[in-house]
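Trainee: Residue numbers (my numbering), protein chains in the order written: chain A, 1 to 458; chain B, 459 to 637.
For every residue, glycine included, the Cβ atom is placed at its ideal position computed from N, Cα and C.
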Amino acid sequence: MADLYSTLRQPLIAGNKSLGEVTNDVSGVLERKTSPLWWRAFMASLLFLLIGAAAITYQVATGIGTWGLNRTVGWAFDITNFVFWIGIGHAGTLISAVLFLFRQRWRTSVNRAAEAMTIIAVMCAGLFPLIHMGRPWLAFWMFPYPNMRGSLWVNFRSPLVWDFFAISTYFTISLVFWYVGLLPDLATIRDRAKAGIRKKIFGLLSLGWNGSLRTWNRYEVLYLLLAGLATPLVVSVHTIVSWDFATAVIPGWHSTILPPYFVAGAIFSGMAMVLTLMIIARKVMGLEDYITLRHLDVMSKLIIVTGSIVGLAYATEFFIAMYSENPYETFLFKNRALGPFAWAYWTMVLCNVISPQLLWFKRIRRNVAWVFVLTILINVGMWFERFVIVVTSLHRDYLPSSWTYYTPTLIEVLTLLGSFGLFFTGFLLFCRFLPVIAMAEVKGVLSHGHRSVRSGSR
Amino acid sequence: MDSSSAIHGYVAEFEKAEQLVAATRRTRLAGYRVFDAYSPFPVHGLDEAMGHPRTILPWLVFLGGLAGGVGGYLLQYYPHVIDYPLNVGGRPLNSWPSFIPVTFEMTILGAALVAVFGMIILNGLPQHYHPIFNLERFERASQDRFFLCIETKDPKFNKTETREFLLELGASEVSECEE
């Protein structure tokens, strides 16, 4: 059985790896001694996490009067961060579920890490509504259950309750999807571990997986079903997040364009964050053969697509505001671009609409440094997008006597830094203790681009 | 048959996925029924080669989604219509359009949880013990080797014949696996 090499299909994994080499490369990352580089990164993230924890402790103990909110601007930094982190998560589900349904087999190298990113990002997001409650120990009031308060039920007609259901479902599904994907790889680590604590832990986590054909059969059916369920879910989650705004009567929020615009923006920002993380991970852990320049290339293309939708949405909002001749809408959009928050607006446009245009060039899409810088810019831009939507819509609404400006306090900024600390701490722990690349899936695509003579005739 | 009661079966080891598919097909054609194939990743063509029925998992998932959706709607109907009706500007109590988002989320949640736990239970997981792990070389089944095990429970199992049959299939190694 001589192997033929197709010139039409590029292999997905570089370096012509054998099954054993894939196992060694990926498991090796967590079997080796911890590298000093990892420790340094971990300590830095942990420091940010601790700063955030201190800031949260202070504001919970004192009250949310520690924020820069006022009677006009009742939502600002906190909600911005919440929407930002939820959006980051969406790219993970896009890669793991939507690209699976579209049979984009290159996704196998990045889906595990992207899903881990989703889970951690949703945890970061969940933090903010919790703090915003002011009395987070009463968070269980969000659950609809017969209680001793009357029974006093939650209002199911409120988008904030929809949001609670959407986010908790999203978190649960992302977690089980990720775990199911991990199962065969956990078994691999278990089988490679000699004895001792690692063998025990991975033995428990892998549930006695033995790779029997019957098991694989149901596993694959399950994977397809979960992908099919997660796809509409991911669209619904950011749609519901956008309804938090769209169902209000505030100009700039009360608009039907918000759901598609939010979903595209979420995938745009998430894809940028995946790329940021992947570029770091492939370098630090020596996984360049798995996460190749081709991956950067195709993910950059997805950024152009979603970025263009976002750019079009910005333009459409402006057009509709002018075309409707609604004085409040018209004023709002002029105020966004030329008012006191113009600096935030133009930062957003520069980062989200103008800078991604460079990705039209193949030379830039395949240049690691350029892609890295551009993805950071997009992350910044997408944070500002949410800030612009939330704050500029509120700070000058119907009643000019209550117009005001908003400045975040130190506590709010430290909480945002803390959420980044949580995000990177979580991601680094994942990279250290779990297989970063879905080995079983990668093994299935190794032959992509190669074809043996006998199996060539189907 | 006295000595064979202590063994689980004979295990053949292969280096390539295609060999496993071919071997599985021939094992079935040879009349063996109680056997299993083990691989580090899902090998396509293996299910037909082994010829076993489709899983019922999709139907369970459908029922899970249905239960989630109906349950999700009732979860909203009960408080707003029965337990604590609140007249807001004469609007209908059963304001179904605003109940759609939560119903949708609960449908997905129900379906997905049934899917995951269904797979785990149908596969007999978590499994504390399986005789195949007694084979020392089996640790490579999750890494880079493919295994085919004909079990002693198979009516056609015969120590010498089965061993020879497996060697004939092109196995790089055939070993005995203890119960």
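When you compare only the Cα positions, how much space is there between F331 of chain A and V310 of chain A?
Mentor: Going from the Cα of F331 of chain A to the Cα of V310 of chain A covers about 22 Å.
Trainee: Among B:E471, B:P500, B:T561 and B:N552, which residue has its Cα nearest to the Cα of R218 of chain A?
Mentor: Considering only alpha carbons, the answer is B:P500.
Trainee: Taking all protein chains shown into account, decide if H462 of chain A is buried (16 or more other Cβ within 10 angstroms of its Cβ) or exposed.
Mentor: This structure cannot speak to residue 462 of chain A, because chain A is shown only from 1 to 458.
Trainee: Can you tell me whether K33 of chain A is helix, strand or coil according to DSSP?
Mentor: K33 of chain A: coil per DSSP, three-state reduction.
Trainee: Closest to E506 of chain B by C-alpha separation, out of A:I189, A:L213 and A:R103, would be which residue?
Mentor: Nearest C-alpha to E506 of chain B: A:L213.
Trainee: If you measure between the beta carbons of G181 of chain A and R112 of chain A, is that distance less than 8 Å?
Mentor: Yes, these two residues count as a Cβ contact at 8 Å.
Trainee: Do we get a CB-CB distance below 8 Å when we pair V235 of chain A with the residues of chain B?
Mentor: By this cut-off, V235 of chain A is not an interface position.
Trainee: At a CB-CB cut-off below 9 Å, which residues of chain D make contact with S151 of chain A?
Mentor: Protein chains in the displayed structure are A and B, and chain D is not among them.
Trainee: Candidates A:A321, A:G339, A:G28 and A:I167: which alpha carbon is nearest M564 of chain B's?
Mentor: Per the Cα distances, A:I167.
Trainee: Counting C-beta neighbours from all protein chains within 10 Å, is the total for A315 of chain A 16 or more, i.e. buried, or is it exposed?
Mentor: Looking at its Cβ environment, which holds fewer than 16 other Cβ atoms inside 10 Å, A315 of chain A is exposed.
Trainee: In three-state terms, what does DSSP make of A495 of chain B?
Mentor: Strand, per DSSP.
Trainee: If I measure Cβ to Cβ from P435 of chain A and keep anything under 6 Å in the same chain, skipping five residues before and after, which residues do I get?
Mentor: Same-chain partners within the cutoff: V26 and D185.
Trainee: Of the choices B:A599, B:L606 and B:F623, whose alpha-carbon is the least far from that of K443 of chain A?
Mentor: The option with the nearest alpha carbon to K443 of chain A is B:A599.
Trainee: If we cut at 8 Å on Cβ distances, does H466 of chain B have a partner in chain A?
Mentor: So, not an interface residue.
Trainee: Which same chain residues, not among the five before or five after F424 of chain A, have their C-beta less than 6 Å away from its C-beta?
Mentor: Around F424 of chain A: S45.
Trainee: Between the alpha carbons of V528 of chain B and T561 of chain B, how many angstroms are there, rounded?
Mentor: C-alpha separation (whole angstroms): 7 Å.
Trainee: Please state whether DSSP places L551 of chain B in a helix, a strand or coil.
Mentor: Coil, per DSSP.
Trainee: Does the structure place the region 13–32 of chain A close enough to the region 404–424 of chain A that three or more beta carbon pairs sit under 8 Å?
Mentor: Too few Cβ pairs lie closer than 8 Å, so no.
Trainee: Going by other Cβ atoms of all chains shown within 10 Å of its Cβ, with 16 needed for buried, is W178 of chain A buried or exposed?
Mentor: Flag for W178 of chain A reads buried.
Trainee: Give me the Cβ distance between H238 of chain A and I86 of chain A, rounded to the nearest whole Å; I'm assuming they're in contact under 8 Å.
Mentor: That belief holds up - the Cβ atoms of H238 of chain A and I86 of chain A are roughly 7 Å apart, short of 8 Å.
Trainee: Could you tell me whether the Cβ atoms of Q477 of chain B and G582 of chain B are closer together than 8 Å?
Mentor: No, they are not a contact pair.
Trainee: Check the Cβ of N581 of chain B against every Cβ in chain A and list those closer than 8 Å, keeping chain order.
Mentor: The answer, in chain order, is R214, T215, R218 and Y219.
Trainee: For T496 of chain A, return the contacting residues in chain B, with the cut-off set at a CB-CB distance below 7 Å.
Mentor: Given that chain A is displayed from residue 1 to residue 458, the structure contains no residue 496 of chain A and the question cannot be resolved.
Trainee: Secondary structure at F472 of chain B, three-state DSSP: helix, strand or coil?
Mentor: DSSP places F472 of chain B in strand when its eight states are reduced to three.
Trainee: Does the separation of the CB atoms of G52 of chain A and T415 of chain A fall below 8 Å?
Mentor: Yes, they are a contact pair.
Trainee: When you compare each of B:H510, B:F615, B:P559 and B:V469 to Y496 of chain B by their alpha carbons, which one comes out closest?
Mentor: With distances taken between Cα atoms, Y496 of chain B lies closest to B:V469.
Trainee: Note down the Cα distance separating A19 of chain A from K617 of chain B, rounded to an integer number of angstroms.
Mentor: It should be noted that the sequence gives Leu, not Ala, for residue 19 of chain A. Each residue's alpha carbon lies about 32 Å from the other.
Trainee: Report the three-state DSSP secondary structure of H254 of chain A (helix, strand or coil).
Mentor: Three-state result, H254 of chain A: coil.
Trainee: Is it buried or exposed for T57 of chain A, if we count other Cβ within 10 angstroms and need 16 for buried?
Mentor: Exposed, because fewer than 16 other Cβ atoms sit within 10 Å of the Cβ of T57 of chain A.
Trainee: Would you report the Cα separation of Q409 of chain A and I13 of chain A, rounded to the nearest angstrom?
Mentor: Reading the sequence as shown, one finds Thr at residue 409 of chain A and not Gln. Their backbone Cα atoms lie some 48 Å apart in a straight line.
Trainee: Assuming T375 of chain A and A272 of chain A form a contact by the criterion Cβ under 8 Å, report the distance between their Cβ atoms to the nearest whole angstrom.
Mentor: 4 Å between Cβ atoms; contact.
Trainee: Closer than 7 Å between beta carbons: that is the criterion. Which residues of the region 482–508 of chain B meet it against chain A?
Mentor: From the region 482–508 of chain B, only D494, A495, Y496, S497, P498, F499, P500, L504, D505 and M508 have a Cβ closer than 7 Å to chain A.
Trainee: Nearest-angstrom Cα distance between A195 of chain A and F84 of chain A?
Mentor: Each residue's Cα considered, the two are about 43 Å apart.
Trainee: Tell me G467 of chain B's beta-bridge partners as DSSP assigns them.
Mentor: Answer is B:E609 and B:C635.
Trainee: Which term fits W106 of chain A, buried or exposed, when burial requires 16 or more other beta carbons within 10 angstroms of its beta carbon?
Mentor: Burial call: buried.
Trainee: Can you name the residues of chain A whose CB is closer than 7 Å to the CB of P516 of chain B?
Mentor: Near P516 of chain B (Cβ distances below 7 Å), the residues of chain A are V221 and L225.
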